[in-house]
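**Q**
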Amino acid sequence: MINLRKNLKLNLALDATTDMLRSASKAQWLMGCGCLLAMLLLNQAYSAFTEARAMYENAREEARWFAGAAPTLEKIQTSVEASQSDFQRQSLLSRVNQAATQNQIRLIRSDFREGGVQVMVEPGDVDQLFQFIFRLQSEHHIITVDASIIRTEPGMARARLALQEAR
Numbered sequence: 001m002i003n004l005r006k007n008l009k010l011n012l013a014l015d016a017t018t019d020m021l022r023s024a025s026k027a028q029w030l031m032g033c034g035c036l037l038a039m040l041l042l043n044q045a046y047s048a049f050t051e052a053r054a055m056y057e058n059a060r061e062e063a064r065w066f067a068g069a070a071p072t073l074e075k076i077q078t079s080v081e082a083s084q085s086d087f088q089r090q091s092l093l094s095r096v097n098q099a100a101t102q103n104q105i106r107l108i109r110s111d112f113r114e115g116g117v118q119v120m121v122e123p124g125d126v127d128q129l130f131q132f133i134f135r136l137q138s139e140h141h142i143i144t145v146d147a148s149i150i151r152t153e154p155g156m157a158r159a160r161l162a163l164q165e166a167r
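Each residue of the sequence shown is one higher than the one before, counting from 1 in UniProt numbering.
What follows is the structure, encoded as structure tokens:
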């Protein structure tokens with residue numbers, strides 16, 4: 001029953017519209033066509049506006065993401081540089097240990113320091129100590145940045161050496 005009433009109302013509205021269009025003048029037709037064209041243009045403009053707004057929001061979101069990613073990328077780069085630096089120090093210390101073994105010198109302690117390693121040499125023959133330092137420079141390309149050599153007894157000495165990779 002409700003559907004019949006709706007259909008009846010719709011039919012009456014269509015009849016009234018067609019009657020009005022039959023009796024309409026050319027000016028009314030042109031005005032109706034102009035309004036229809038204006039509505040179509042407004043619809044197109046609104047579609048373009050919503051598309052531009054979506055592009056703007058996406059660009060803004062990407063900019064936020066990149067701004068947040070920049071510190072993360074910097075942290076990753078710093079971490080990679082630190083691990084490379086640690087690897088270079090380990091390599092340096094390994095070569096120092098190798099040279100110490102070749103010269104029969106015993107290292108008491110070794111630790112990392114800015115740009116290189118610091119080693120403490122057990123008291124031993126002074127000549128062996130200098131041969132050790134010379135071998136580091138000539139064979140392993142390791143330079144002594146700072147050295148503290150203390151004589152413990154005649155012909156014997158202990159040393160604290162700050163060593164760095166020669167560049």
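By construction, the Cβ of each residue, glycine as well, lies at the ideal position given by its N, Cα and C atoms.
What is the residue span of the beta strand (DSSP E) that I133 lies within?
**A** As a first step, residue 133 must be located in the sequence shown, where it is residue number 133. Counting along the chain, I133 falls outside any beta strand (DSSP E), though it belongs to the alpha helix (DSSP H) covering 126-138.
**Q** Just curious, the beta strand (DSSP E) that L142 is in, first and last residue?
**A** Sequence index remark: in the sequence shown, residue 142 carries index 142 (1-based). In the sequence as presented, Leu is not what sits at residue 142; that position holds Ile. Note, I142: beta strand (DSSP E), 142-153.
**Q** What is the rounded straight-line gap between the Cα of H141 and the Cα of E153?
**A** The residue given as residue 141 occupies position 141 in the sequence shown. The residue given as residue 153 occupies position 153 in the sequence shown. Looking at the two C-alpha atoms, the distance is approximately 30 Å.
**Q** For M156, which of R135, F130, D125 has the nearest alpha-carbon?
**A** Along the sequence shown, read from residue 1 onward, the residue named residue 156 stands at position 156. The shortest C-alpha to C-alpha distance from M156 to any of R135, F130, D125 is the one to D125.
**Q** Report the three-state DSSP secondary structure of Q118 (helix, strand or coil).
**A** Within the sequence shown, residue 118 is the residue found at index 118, counting from 1. DSSP places Q118 in strand when its eight states are reduced to three.
**Q** Give a yes or no on whether the C-beta atoms belonging to A159 and I149 are separated by under 8 Å.
**A** Residue 159 sits at position 159 when you count from the first residue of the sequence shown. Residue 149 sits at position 149 when you count from the first residue of the sequence shown. A contact, by the Cβ cut-off of 8 Å.
**Q** In the DSSP assignment, find the beta strand (DSSP E) that holds A162 and state where it starts and stops.
**A** Stepping through the sequence shown from its first residue, residue 162 is reached at position 162. It spans 156-165 - the beta strand (DSSP E) in which A162 sits, taken as one unbroken run.
**Q** Rounded to the nearest angstrom, what separates A52 and N43 at their Cα positions?
**A** Along the sequence shown, one-based indexing puts residue 52 at 52. Along the sequence shown, one-based indexing puts residue 43 at 43. Between A52 and N43, the C-alpha separation is close to 14 Å.
**Q** Would you decide whether I108 is buried or exposed? Buried here means 16 or more other CB atoms lie within 10 Å of its CB.
**A** Residue 108 sits at position 108 when you count from the first residue of the sequence shown. Under this definition I108 is an exposed residue.
**Q** With H, G and I counted as helix, E and B as strand and the rest as coil, what does DSSP make of M1?
**A** For the purposes of this step, residue 1 is identified with residue 1 of the sequence shown, where counting begins at 1. Confidence at M1 is low in this model, with a pLDDT of 46, below 50, so its placement is unreliable and the value that follows should be read with caution. The answer is coil: DSSP assigns M1 none of H, G, I, E or B.
**Q** Among residues of its own chain, excluding the 5 on either side of R151, which ones have a beta-carbon nearer than 7 Å to its beta-carbon?
**A** For the purposes of this step, residue 151 is identified with residue 151 of the sequence shown, where counting begins at 1. The residues are A157.
**Q** How many angstroms separate the CA atom of F134 from the CA atom of A63?
**A** Here residue 134 is taken as the residue at index 134 of the sequence shown, counted from 1. Here residue 63 is taken as the residue at index 63 of the sequence shown, counted from 1. C-alpha separation (whole angstroms): 56 Å.
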